[in-house]
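**Student:** Quick note, the sequence shown lines up with residues 1444 to 1923 if you use this note's numbering. We put the beta carbon where it would ideally sit given N, CA and C, even for glycine. These figures come from a predicted structure and were not determined experimentally.
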Amino acid sequence: ITGTGSVVIGKSGFSPASLTLGGVNTFSGGLTVVHGGQVTLQNSASLGAPGNPITLDNGTLSTGSLMTSPLVIDSSVNLIIGPGGARFSAGGQSVVIGSLLSGTNPIRFGGGSSPFEADVYDVRLANPANTFTGPVQIGQAASNNTASAIIGIVANGSLGNPANVVTLGGSYFDGESTRTASGGLRAYADLTLPSTRVIRLEGEGAVLDSNGHIFTIASPISELSSEQGLRKEGEGSLILNGANTYSGETFVRRGTLGGTGSVAGRLRLDSDATLAPGAPAAIGIFTSVDLDLNSGGTYLVNLASVSGSDRIVANGEVSISPAATVVVQPTGLVNQGDVFTILQKSGAAPVDGSFGQTGNFSSGGVQWAISYTGGDGNDITLTALTGSTAAPPVPKLSNLVITPAGAAGSGTFASISATVSGGQADGSVLLEASTDLGVLDPWEVIQTIPLNASGAATLSNVTDPDSSGAKRNFFRLRVP
């Protein structure tokens, strides 16, 4: 298509129009899709001359299966969304929207690759600071169109106004049967959806793809109808920290599921999946109703101390097959005879089955004995048969503030405020001071600092008690 003038798809009073563009078009004047019309691009050069405005007013812009590269809509593209709203759909290549999406006109999303496709594509909201207002419906079920969808995001702000409600999946009753679709989110960066972001499941439930990143959801995920489920896909970690109320199954097909939250239904792992309560390399407790490890998978347990270890709390049945394994990662010193509860089971029924490790096993540099009758009789516990030989972790100081002697409010002696992190869980460190880095004036212990179960502590205006009045402005931490 060449020449001057706009291309308009759709007309009032007629059935919705559909047009596929596959050539290298040079027309100038813009592309307008209205009245339920749809344009499908098979070539990213089909939009005409650079700078052509794209107007969607109850119109759909989609990519086709013949496209060889994503369609990028950035600040160089004049995108106009009319009162009837816009729909973006990925049908073979991604639609990457870097432009700021704002306003109150409705925006809808469709398409995207399923987890079983070799190529990954979706409608990707690449702007982390979108401000558009309105519901975010992903996956559509209607009388004339029922389709699952997944969109990509880079931040919570990709989803627009913080008050926007995100619904994953949809359902529609046509008078005879109920049509359903699933909806999903795919992470394109390490990101967190905060506790204020409302997320609901409907239809066929949700797919959450961490896509090689750490995808944290702090908000509780609810459901609009009963038995909604969630499937975790992709490498990387999905961290669920909310008290989730959807009642269907949580199925981890790939990657790692962690967090300190809970799910109200069964938690099931596939053979390539990992369950790791807490955040990566951090301690946490995760709660489910039933736990199903019959397909295998890995239970990754971080141990910081006897009182601070990863744990699953199961309020229902627990089933484990020998295809499943437990891997232990001590983050602190383990002493011979230490006992760790890694699964706490409520109710009287025993654990059904066992992990693949038989008898005593070695993991994380320690020899372990595993018991399925620990705790109150049906918990899974690990007993250290040997101690760990790893050196204790080296603590770090951060947020350091030293107030010199004589400064306002500091009194006679210098004082120090700081945060200690990365130390031995439930251990201690020594805060020492000197006037000359210990050359002539020996380092003197100012305070012994107890560390919590995470190996951390906070110092607040600790004062050098040296009665000589020497200004000891050098400080260090030492592991005793």
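Spell out a yes or no on whether the region 1889–1905 and the region 1797–1809 are touching, meaning 3 or more CB-CB pairs, one atom from each, closer than 8 angstroms.
**Tutor:** No, the region 1889–1905 is not in contact with the region 1797–1809.
**Student:** Within its chain, find whatever has a CB closer than 6 angstroms to the CB of V1467; leave out the 5 residues flanking it on each side and keep chain order.
**Tutor:** The residue given as residue 1467 occupies position 24 in the sequence shown. Excluding sequence neighbours, V1467 sits near A1488.
**Student:** Report the rounded CA-to-CA distance for F1917 versus L1776, giving the unit in angstroms.
**Tutor:** On the sequence shown, residue 1917 is found 474 positions in, with the first residue counted as 1. On the sequence shown, residue 1776 is found 333 positions in, with the first residue counted as 1. Whole-angstrom Cα-Cα distance: 30 angstroms.
**Student:** With H, G and I counted as helix, E and B as strand and the rest as coil, what does DSSP make of L1746?
**Tutor:** Reading the sequence shown from its first residue, position 303 is the one you call residue 1746. L1746: strand per DSSP, three-state reduction.
**Student:** Does the pairing of the region 1500–1513 with the region 1527–1539 give three or more beta-carbon distances under 8 angstroms?
**Tutor:** Segments in contact, yes.
**Student:** Closer than 6 angstroms by C-beta to V1566: which residues in its own chain qualify, once you throw out the five before and the five after it? Chain order, please.
**Tutor:** The count along the sequence shown starts at 1 and reaches residue 1566 at position 123. Same-chain partners within the cutoff: F1531, A1533, V1538, F1552 and I1594.
**Student:** Just list the residues that DSSP pairs K1839 with in beta bridges.
**Tutor:** Mapped onto the sequence shown, residue 1839 falls at position 396. According to DSSP, which records beta bridges pairwise, K1839 is partnered with S1864.
**Student:** A1851 to I1726, Cα distance in whole Å?
**Tutor:** One-based indexing of the sequence shown puts residue 1851 at position 408. One-based indexing of the sequence shown puts residue 1726 at position 283. At A1851, the pLDDT of 49 sits below 50, so the modelled position is not reliable; the number obtained from the coordinates is stated separately. Going from the Cα of A1851 to the Cα of I1726 covers about 40 angstroms.
**Student:** Quick one: using the 10 Å Cβ neighbour count with 16 as the cut-off for buried, is I1748 buried or exposed?
**Tutor:** Counted from its first residue, the sequence shown places residue 1748 at position 305. Note that residue 1748 is Ser in the sequence shown here, rather than Ile. S1748 is buried by the Cβ-count criterion.
**Student:** Between D1819 and the rest of its own chain, which residues show a CB-CB distance below 8 angstroms, the 5 nearest in sequence each way excluded?
**Tutor:** Reading the sequence shown from its first residue, position 376 is the one you call residue 1819. Around D1819: no qualifying Cβ.
**Student:** Quick check: what's the CA-CA separation for Q1536 versus L1736?
**Tutor:** Taking the first residue of the sequence shown as 1, we reach residue 1536 at position 93. Taking the first residue of the sequence shown as 1, we reach residue 1736 at position 293. Straight-line Cα distance between these residues: approximately 36 angstroms.
**Student:** Consider the Cβ of I1823: report whether some Cβ of chain C lies at a distance smaller than 7 angstroms.
**Tutor:** The chain labelled as chain C is not found in the depicted structure, where only one protein chain is given.
**Student:** With burial defined as no fewer than 16 other Cβ atoms inside 10 Å of the residue's Cβ, what is the status of S1625: buried or exposed?
**Tutor:** Sequence index remark: in the sequence shown, residue 1625 carries index 182 (1-based). S1625 is buried by the Cβ-count criterion.
**Student:** Could you have a look at N1904 and say whether DSSP puts it in helix, strand or coil?
**Tutor:** Mapped onto the sequence shown, residue 1904 falls at position 461. Here N1904 sits in strand by DSSP.
**Student:** Within its chain, find whatever has a CB closer than 8 angstroms to the CB of S1731; leave out the 5 residues flanking it on each side and keep chain order.
**Tutor:** Locating residue 1731 in the sequence shown gives position 288, counting from the first residue. Closer than 8 angstroms at Cβ, skipping near neighbours: T1693, S1705, V1706, G1708, R1709, L1710, I1755, V1756, A1757, N1758 and G1759.
**Student:** Could you compute how far the alpha carbon of E1619 sits from the alpha carbon of P1605?
**Tutor:** Position 176 of the sequence shown, counted from the start, is the residue given in the question as residue 1619. Position 162 of the sequence shown, counted from the start, is the residue given in the question as residue 1605. So the two alpha carbons sit approximately 37 angstroms from each other.
**Student:** Under three-state DSSP, which class holds G1600?
**Tutor:** Counting from one through the sequence shown, the residue named residue 1600 turns up at place 157. Helix at G1600.
**Student:** For the beta strand (DSSP E) that contains R1640, what are its first and last residues?
**Tutor:** Stepping through the sequence shown from its first residue, residue 1640 is reached at position 197. Here R1640 belongs to no beta strand (DSSP E), and DSSP marks it neither H nor E.
**Student:** With a floor of 3 residues, list each beta strand (DSSP E) that falls wholly inside the region 1451–1512, ordered by position along the chain.
**Tutor:** Counting only runs of 3 or more, we get 1461–1464, 1474–1477, 1481–1484, 1497–1500 and 1502–1506.
**Student:** In whole angstroms, what separates the C-alpha of I1523 from that of F1470?
**Tutor:** Numbered from its first residue, the sequence shown carries residue 1523 at position 80. Numbered from its first residue, the sequence shown carries residue 1470 at position 27. Taking the straight line from one Cα to the other gives about 18 angstroms.
**Student:** Check R1629 in the structure and name its three-state DSSP category.
**Tutor:** Position 186 of the sequence shown, counted from the first residue, corresponds to residue 1629. R1629 falls in the strand class under three-state DSSP.
**Student:** Should the region 1639–1653 be regarded as contacting the region 1676–1690, the criterion being three or more beta carbon pairs within less than 8 angstroms?
**Tutor:** As far as the Cβ criterion goes, the region 1639–1653 touches the region 1676–1690, which means the pair count is three or higher.
**Student:** Are there three or more Cβ pairs, one per stretch, closer than 8 angstroms when the region 1575–1587 is compared with the region 1513–1522?
**Tutor:** Output reads no: the region 1513–1522 does not touch the region 1575–1587.
**Student:** Here's the rule: buried if 16 or more other CB atoms are within 10 angstroms of the residue's CB, otherwise exposed. What is I1444?
**Tutor:** Numbered from its first residue, the sequence shown carries residue 1444 at position 1. It counts as exposed.
**Student:** Work out the CA separation of P1720 and Q1671 for me, nearest whole Å.
**Tutor:** Here residue 1671 refers to the residue found at position 228 of the sequence shown. Here residue 1720 refers to the residue found at position 277 of the sequence shown. Near 22 angstroms, if we compare the C-alpha coordinates of P1720 and Q1671.
**Student:** CB G1691 to CB F1729, shorter than 7 angstroms?
**Tutor:** Start at 1 with the first residue of the sequence shown, and residue 1691 comes out as number 248. Start at 1 with the first residue of the sequence shown, and residue 1729 comes out as number 286. The answer is no: Cβ separation not under 7 angstroms.
**Student:** T1801 and V1770 look like a contact to me (Cβ under 8 angstroms); what is the Cβ gap, rounded to whole Å?
**Tutor:** Here residue 1801 corresponds to residue number 358 of the sequence shown, with the count starting at 1. Here residue 1770 corresponds to residue number 327 of the sequence shown, with the count starting at 1. With a Cβ gap of about 16 angstroms, T1801 and V1770 do not count as contacting.
**Student:** Sort A1592, K1675 and L1673 by Cα distance to N1581 and report the nearest one.
**Tutor:** The sequence position of residue 1581 within the sequence shown is 138, counting from 1. Here residue 1581 turns out to be Ile, not Asn, going by the sequence shown. For I1581, the nearest C-alpha among the options comes from A1592.
**Student:** Could you please give the first and the last residue of the uninterrupted beta strand (DSSP E) stretch that includes S1519?
**Tutor:** Position 76 of the sequence shown, counted from the start, is the residue given in the question as residue 1519. Careful: S1519 lies outside any beta strand (DSSP E) and carries neither H nor E.
**Student:** Taking the continuous beta strand (DSSP E) assigned at E1676, which residues delimit it?
**Tutor:** Locating residue 1676 in the sequence shown gives position 233, counting from the first residue. Element bounds for E1676: L1673 to E1676.
**Student:** Within the continuous beta strand (DSSP E) that includes T1829, where are the two ends?
**Tutor:** The residue you call residue 1829 lines up with position 386 of the sequence shown. That residue, T1829, is in no beta strand (DSSP E); it is neither H nor E in DSSP.
**Student:** Using only the alpha-carbon positions, how far apart do A1724 and T1826 sit?
**Tutor:** The residue labelled residue 1724 in the question sits at position 281 within the sequence shown. The residue labelled residue 1826 in the question sits at position 383 within the sequence shown. Roughly 21 angstroms between the two C-alpha positions.
**Student:** Can you list, in chain order, the residues of its chain with a C-beta nearer than 7 angstroms to that of P1923? Leave out the 5 residues immediately preceding and following it.
**Tutor:** Here residue 1923 is taken as the residue at index 480 of the sequence shown, counted from 1. S1871 and L1873.
**Student:** Is it right to say K1675 is buried, meaning 16 or more other beta carbons lie within 10 angstroms of its own, or is it exposed?
**Tutor:** As a working note, residue 1675 is residue 232 in the sequence shown. Looking at its Cβ environment, which holds 16 or more other Cβ atoms inside 10 Å, K1675 is buried.
**Student:** How many Å lie between H1656 and G1554 at the Cα?
**Tutor:** To locate residue 1656, count along the sequence shown from 1; it is residue 213. To locate residue 1554, count along the sequence shown from 1; it is residue 111. Each residue's Cα considered, the two are about 22 angstroms apart.
**Student:** Determine which residues share a DSSP beta bridge with Q1536 and list them.
**Tutor:** The count along the sequence shown starts at 1 and reaches residue 1536 at position 93. For Q1536, which the question treats as bridged, DSSP gives no partner whatsoever.
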